[in-house]
């Protein structure tokens with residue numbers, strides 16, 4: 073099947089096979105990547121569902137734990153916040169249901185949503201019932217009962233018989249409110265009946281009986297509501313446990329789905345790798361088989377061509393290479409060209425035979441031409457010697473120019489080195505200036521600190537002056553008291569005078585210190601101003617130094633460019649000088665060669681005669697070839 077296909081067609085088939093294999097491998101790889109991407113997307117989706125489900129559990133636990141902190145003041149805010157959080161949690165579960173792809177996971181999350189609603193309703197009912205009963209002794213039914221009891225106590229404050237009996241009722245009330253059991257209720261009822269009997273016996277039914285009955289009804293209503301609260305708390309606990317179990321069940325199912333997604337992703341990756349490897353091996357095998365078949369076909373065609381060439385090598389000009397006209401590929405074109413070459417070579421050999429006959433005739437004409445060439449050769453020899461002398465002069469001048477260029481090259485290199493050294497020196501100076509700027513900044517900060525400390529000295533001196541003034545007043549008072557004491561206070565008067573003199577010296581000393589401190593402050597301020605001016609000058613020097621460094625770098629770069637250009641010019645001049653010397657040498661060689669040519673022309677005349685003999689021998693040798 074491949075024998076009638078051209079070599080180009082075979083290569084095209086091989087290329088199409090390789091491209092098709094590459095497309096198949098790419099398709100398999102893309103399919104594997106798509107499958108793995110789907111598995112990874114499912115894994116991320118499940119991870120998000122799991123994270124949101126865990127967050128929902130935490131939110132509900134926080135709501136339940138905050139029941140202990142509810143009061144009348146934050147009741148409305150807590151109810152609104154709890155309902156809002158419950159609605160958000162319901163939205164989270166609804167969103168997770170939409171994200172879930174597994175039917176059993178959807179069903180589990182829907183059950184979880186039902187449990188969340190039941191749990192939320194039980195929680196709201198519990199909070200509302202606690203609000204009705206009261207979060208403390210001053211709110212709800214408990215607050216109402218306590219308020220009624222307080223009002224009755226105030227009403228019967230002056231009725232000792234009723235007050236003593238109602239005190240027992242309040243004690244029974246406290247016991248029942250803290251623990252509303254049947255026994256405590258019986259105790260309260262017994263105490264209240266005794267109190268009610270006394271109201272009736274003493275004729276206070278109209279004035280105190282109505283409040284007392286309302287008080288008893290409130291106590292009984294508290295008992296009913298408390299019993300209802302216990303039932304609601306049991307329902308809440310049950311719903312909470314069911315919701316927790318539902319959450320655990322959902323989390324366990326999500327974890328299983330996550331594990332399945334991970335296993336699916338790993339299995340998809342393994343399967344994709346195996347498929348990709350199998351398809352790659354199949355494509356390689358097909359390509360190898362095609363290459364083997366093409367190689368064998370090409371080898372067979374080349375062997376046929378080599379066989380035909382060996383026949384031509386032996387002189388058989390009638391041999392023809394086989395040509396497949398149906399295939400007509402590059403090798404067939406080569407065979408056709410070989411056949412044409414053989415035919416052409418046969419024609420050439422025919423012409424050689426014919427030409428050999430004419431060589432003898434031409435030999436005579438060649439002798440005459442050689443004589444003319446000898447005369448011209450002598451004239452050329454003379455001109456060549458003149459040209460050689462001129463070339464020597466050019467070579468000498470180029471040598472002098474090369475020496476001058478070398479000197480210029482040395483100066484350029486020195487300029488480049490100087491520019492480079494100058495740039496390094498400027499860089500070192502800039503570094504020193506930077507250090508100086510840092511030192512000046514530190515000194516400026518220290519001078520600022522010295523200025524602040526000197527101002528603190530002013531306050532100390534003021535304090536010393538104040539102490540000296542007080543000491544002076546004390547000494548004056550002491551002198552006055554010593555004068556009053558008379559002779560007995562004379563010694564004390566001397567001490568007071570010394571103290572007053574010491575205070576005056578202290579004031580004089582502090583005055584001098586003040587002058588010195590003022591001088592220090594003025595000098596410090598002057599130094600600070602000078603330092604700031606120095607900082608500005610150093611900044612300007614640093615900026616100008618940077619510009620100078622850049623300029624030196626430009627000079628260095630230009631010097632380097634000039635040095636390289638000088639090197640190139642010196643090299644070019646040396647090359648020209650070498651060429652001139654070589655030309656001079658070659659001119660001398662040409663002159664010598666012309667001399668030799670003159671002698672060779674004489675020899676050529678002799679050889680012409682030999683050509684005729686050789687042509688005769690050539691005619692004999694051409695008879696070896698088989699011509700068409």
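Numbering (the working numbering), first residue to last: 73 to 700.
Note that the Cβ used here is the ideal one computed from N, Cα and C, for glycine as well.
Among the residues of its own chain, which have a CB less than 7 Å from the CB of residue i, if the five just before and after it don't count?
| i | result |
| --- | --- |
| residue 192 | 158 |
| residue 118 | 326, 329, 330, 333 |
| residue 212 | 203, 204, 205, 206 |
| residue 406 | 377 |
| residue 543 | 571, 575 |
| residue 231 | none |
| residue 228 | 234, 235, 238, 280 |
Using only CA atoms, which one of the options lies nearest to residue i?
| i | options | result |
| --- | --- | --- |
| residue 120 | 143, 106, 171, 88 | 171 |
| residue 91 | 355, 629, 154, 461 | 355 |
| residue 111 | 545, 538, 335, 597 | 335 |
| residue 451 | 667, 257, 337, 184 | 667 |
| residue 244 | 252, 237, 260, 416 | 260 |
| residue 352 | 625, 101, 621 | 101 |
| residue 305 | 196, 360, 368 | 196 |
| residue 639 | 621, 615, 478 | 478 |
| residue 133 | 169, 309, 273 | 309 |
| residue 698 | 296, 96, 601, 419 | 419 |
| residue 273 | 489, 234, 426 | 234 |
| residue 650 | 574, 594, 547, 471 | 471 |
| residue 218 | 291, 588, 178, 444 | 291 |
| residue 180 | 125, 138, 350, 313 | 125 |
| residue 358 | 475, 374, 602, 96 | 96 |
| residue 674 | 392, 444, 93 | 444 |
| residue 262 | 275, 156, 246, 240 | 240 |
Which of helix, strand or coil does DSSP assign to residue i?
| i | result |
| --- | --- |
| residue 698 | strand |
| residue 253 | coil |
| residue 569 | helix |
| residue 273 | helix |
| residue 142 | coil |
| residue 485 | helix |
| residue 282 | helix |
| residue 78 | coil |
| residue 240 | helix |
| residue 394 | coil |
| residue 83 | helix |
| residue 94 | helix |
| residue 230 | coil |
By Cβ distance, which residues of its chain are closer than 8 Å to residue i, with the 5 residues on each side in sequence left out?
| i | result |
| --- | --- |
| residue 189 | 162 |
| residue 242 | 221, 225 |
| residue 160 | 131 |
Provide the residue span of the alpha helix (DSSP H) that contains residue i, from first to last.
| i | result |
| --- | --- |
| residue 180 | 175–205 |
| residue 213 | 212–227 |
| residue 208 | No alpha helix (DSSP H) holds residue 208; DSSP gives it neither H nor E. |
| residue 167 | 147–171 |
Considering only residues of the same chain and omitting the five flanking positions on each side of residue i, which have a CB-CB separation below 6 Å?
| i | result |
| --- | --- |
| residue 86 | 362 |
| residue 143 | 207 |
| residue 551 | 565, 568 |
| residue 150 | 142 |
| residue 283 | 224 |
| residue 348 | 100, 101 |
Counting pairs of beta carbons, one from the region 289–303 and one from the region 162–170, are three or more of them closer than 8 Å?
no
State whether the region 199–210 contacts the region 255–270, with contact taken as three or more CB pairs (one from each stretch) at a distance under 8 Å.
no
Any contact of the region 215–229 with the region 276–288, i.e. 3+ C-beta pairs under 8 Å?
yes
Validate contact between the region 534–544 and the region 572–581 using beta carbons, cut 8 Å, 3 pairs:
yes
How about the region 124–132 and the region 317–325: do they share at least three Cβ pairs that are nearer than 8 Å?
yes
Are there three or more Cβ pairs, one per stretch, closer than 8 Å when the region 174–186 is compared with the region 306–322?
yes
Counting Cβ pairs, one atom from each stretch, are 3 or more of them under 8 Å apart for the region 339–347 and the region 93–110?
yes
Contact between the region 405–413 and the region 363–380: three or more CB pairs below 8 Å?
yes
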